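Note that the numbering used here has the sequence shown beginning at 148, numbered continuously upward. C-beta atoms are modelled at their ideal positions from N, C-alpha and C, and glycine is treated no differently. Since this is a predicted model, take the numbers as computed values, not measurements. For reference, the structure is listed below as structure tokens.
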Amino acid sequence: MRWYSASVESSLTPQRREVIQTRLDAAGAAYMISPAEFVIIRRVVSVLGTAMAAALILLFELRDPLHLAVAAAMAPLSFLFPDLRLREITKQRQARFEKEFPFFLDVLVLTMKAGLNFTAALEQAVSSMRSGPVQQEFSRYLRESRAGLARRAAMDRLAARVSLPAVTNFVAAVAQAEQTGGSLGEVLTEQARQRRQERFLRAEKLANQAPVKMLFPLIALLFPTTFIIIGFPIVIQLLQAGVLSLF
């Protein structure tokens with residue numbers, strides 16, 4: 148794949164490479180594969196799906212239009228599978244980031260109140276976090292800062308990689324506090340409070356959605372069983388009484 152990636156890399160336009168790179172960063176897969184390698188994976192999976200569809204048609208001698216349509220649909224679905232899988236990984240990673248981010252801010256605020264500066268507090272907060280998207284992204288931010296990248300540029304790159312409103316607001320608040328000379332500790336305290344409130348609101352929203360999501364399983368599974376249990380004795384009594392025999 149790496150041998151083939153050189154030619155694929157030259158064929159990618161800068162805009163398309165940037166779009167794929169952004170998606171890989173959001174999924175946390177930028178360290179594993181490059182945009183060219185992702186394009187190669189998409190092509191390989193598409194070829195495998197097409198070959199599998201052709202093998203099924205020839206092996207089982209499919210002639211039914213429905214079966215042929217299902218087998219033929221494997222080719223486009225296999226081409227879309229890497230994108231769908233990447234989108235799923237991104238959603239899972241962002242959901243975990245939103246869940247862990249308020250706790251990270253709480254630790255950051257506590258360490259700054261203990262007398263550490265922003266960079267030292269970040270290092271302490273990162274070291275206290277378990278392995279996950281928050282720990283990975285802020286560790287990358289610290290590495291970029293140590294490599295000589297300006298704090299504002301490293302923060303902007305962090306917000307672009309994560310692509311979450313909470314992180315964008317956090318970066319903007321830190322940048323504004325530095326520009327205006329405001330208290331960074333108070334800004335981070337307010338950010339932590341807002342993130343906790345947003346987390347509680349998301350939990351409340353999911354709790355309110357639970358009855359709606361349970362409605363279809365109740366109608367499809369529980370109600371028919373309940374009607375059978377209630378109606379079976381009634382039908383037996385009607386049969387014994389000869390009522391149903393009249394129909």
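Option in the options with minimal Cα separation from residue i
| i | options | result |
| --- | --- | --- |
| Ala297 | Thr266, Ala320, Gln283, Ser274 | Thr266 |
| Val321 | Arg299, Arg308, Ala307, Gln384 | Arg299 |
| Pro249 | Ala301, Arg349, Pro358 | Arg349 |
| Glu270 | Gly332, Leu224, Arg290 | Arg290 |
| Leu233 | Ile381, Met179, Phe251 | Met179 |
| Leu224 | Val194, Asp211, Leu213 | Val194 |
| Ala200 | Ile381, Val359, Gly332, Leu215 | Leu215 |
| Ala149 | Ala173, Met259, Phe207, Phe185 | Reading off the sequence, residue 149 comes out as Arg, not Ala. Out of Ala173, Met259, Phe207, Phe185, Phe185 has the C-alpha closest to the C-alpha of Arg149. |
| Ala313 | Gly328, Glu247, Ala367, Leu368 | Glu247 |
| Val192 | Gly175, Asp172, Asp230, Leu257 | Asp230 |
| Glu284 | Ala173, Ser157, Leu159 | Ala173 |
C-alpha distance - residue i paired with residue j, whole-angstrom precision
| i | j | result |
| --- | --- | --- |
| Ser310 | Thr237 | 10 angstroms |
| Gln341 | Tyr151 | 47 angstroms |
| Arg189 | Gln168 | 15 angstroms |
| Phe370 | Ala220 | 36 angstroms |
| Ile375 | Leu362 | 19 angstroms |
| Glu245 | Ile383 | 57 angstroms |
| Gly279 | Glu345 | 20 angstroms |
| Ala268 | Met259 | 6 angstroms |
| Gln323 | Arg163 | 32 angstroms |
| Arg277 | Arg287 | 15 angstroms |
| Gly175 | Pro358 | 33 angstroms |
| Glu208 | Pro364 | 38 angstroms |
Distance between beta carbons of residue j and residue i, contact taken as under 8 angstroms
| i | j | result |
| --- | --- | --- |
| Leu255 | Leu203 | The Cβ separation is near 55 angstroms, so there is no contact. |
| Gly262 | Phe226 | The Cβ separation is near 56 angstroms, so there is no contact. |
| Asp253 | Ala153 | About 47 angstroms; that fails the 8 angstroms criterion. |
| Ile187 | Val166 | At roughly 16 angstroms, the Cβ-Cβ gap does not stay under 8 angstroms, so Ile187 and Val166 are not in contact. |
| Ala306 | Ser292 | About 15 angstroms separates the two Cβ atoms, so there is no contact after all. |
| Val318 | Asp303 | 7 angstroms |
| Phe251 | Ala218 | Incorrect: roughly 48 angstroms between the Cβ atoms, too far for contact. |
Neighbour-count burial assignment, residue i, 16 or more Cβ in a 10 Å radius
| i | result |
| --- | --- |
| Arg240 | buried |
| Ala242 | exposed |
| Pro416 | This structure leaves residue 416 out entirely; the chain is present only between 148 and 394. |
| Pro161 | exposed |
| Leu213 | exposed |
| Leu171 | buried |
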